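Here's the structure we're looking at; comments come further down.
In my numbering, the protein residues as written are 9 to 350.
Next comes the structure, spelled out in structure tokens:
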């Protein structure tokens with residue numbers, strides 16, 4: 009059954025009726041997360057060392073196979089999922105908060121220029137736009153006429169180049185040696201491309217906002233992205249704040265007198281978290297996409313599947329499979345109430 013990600017809250021509700029303790033597994037490696045369902049959810053993630061041990065054991069017979077080593081996620085992929093779902097915060101989150109807080113004082117009537125927030129490729133791959141939106145919302149700046157958004161076409165092309173690759177039958181046959189459920193991955197993106205596709209989706213959603221403008225740009229790479237933003241700034245006589253997941257990009261932007269915040273990922277972090285239900289849904293969604301398939305209790309959740317299309321990506325849909333008819337009963341009620349196709 010194909011459902012939007014927000015229906016995961018319904019799944020969690022059903023599962024919590026029988027147990028408040030849930031486990032998230034990636035079948036080739038085993039457990040990724042322990043979840044305690046309550047008003048505030050508690051998550052315990054597998055440690056870096058335990059993940060490495062499980063992965064090494066799984067790949068023991070295939071260590072010389074570059075495709076399997078590339079396709080089976082490592083601990084950094086799990087960390088990126090936690091980061092992209094805002095469960096982990098950037099080490100520079102406070103810098104971004106201060107920058108946006110300062111923008112609340114911008115006064116166009118007294119000669120201040122409008123501010124446009126732009127993104128580079130890495131920041132969209134990691135969904136930094138969601139963090140920006142959350143901060144703006146907390147500062148009551150979501151609908152501020154002083155702040156707009158801009159996106160470089162160079163970023164769009166880079167993301168597209170990264171996600172256009174697809175799994176072929178020989179790839180799937182190899183992957184099934186470790187992950188039999190991968191039979192459902194045919195003609196879908198490999199792991200390295202799936203986060204890029206998430207970023208491309210965020211690009212599209214940003215472009216639906218009335219205060220977001222797309223900027224022409226040619227070439228590729230950081231310099232081409234910065235030049236496109238610089239041209240926009242000069243032509244429109246506005247101020248820019250660029251959000252980047254790359255320290256070098258930030259340095260290059262500063263050389264062009266463009267303000268930029270480097271969203272540095274945390275390296276060391278605690279494995280225990282508390283979060284709201286909505287944050288847990290985002291985490292499960294990101295893991296399902298990047299890992300391709302996970303198991304939540306007795307439910308199989310697929311982030312990719314043969315036949316997944318543009319609408320499924322744009323509407324943040326996942327595929328759910330279970331032998332428990334009560335799960336489908338509740339999901340069907342949700343589906344019918346929203347009048348979405350099953």
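Virtual Cβ for every residue (Gly too), placed ideally from N, Cα, C. Keep in mind that this is a model prediction, so the values were computed, not measured.
Assigned with DSSP and collapsed to three states, residue 184 falls in coil, not helix or strand. For residue 64, the enclosing alpha helix (DSSP H) starts and ends at 56 to 66. If the five residues before and after residue 75 are omitted, its C-beta is found closer than 6 Å to the C-beta atoms of 182, all from its own chain and listed in chain order. Residue 126 and residue 69 have their C-alpha atoms some 45 Å from each other. When only Cα atoms are considered, residue 305 and residue 333 end up about 15 Å apart.
Just so you know, the alpha carbons of residue 16 and residue 283 end up roughly 15 Å apart. In this structure the region 249 to 264 does not touch the region 185 to 201; the number of beta carbon pairs closer than 8 Å is below three.
Boundaries of the beta strand (DSSP E) around residue 29: 29 to 34. In this chain, the beta strand (DSSP E) harbouring residue 156 covers 155 to 160. The C-beta distance from residue 294 to residue 66 rounds to 21 Å, too long to meet the 8 Å contact threshold.
Using a C-beta cut-off of 8 Å, the region 271 to 283 makes no contact with the region 140 to 156, since fewer than three inter-stretch Cβ pairs fall below that distance. Residue state for residue 334 is assigned as helix, using DSSP reduced to three classes. With respect to the C-alpha of residue 140, the residue from 210, 185 and 325 having the closest C-alpha is 210. The distance from the Cβ of residue 201 to that of residue 173 is about 5 Å, consistent with a contact at the 8 Å cut-off.
DSSP lists 325 as the bridge partner or partners of residue 12.
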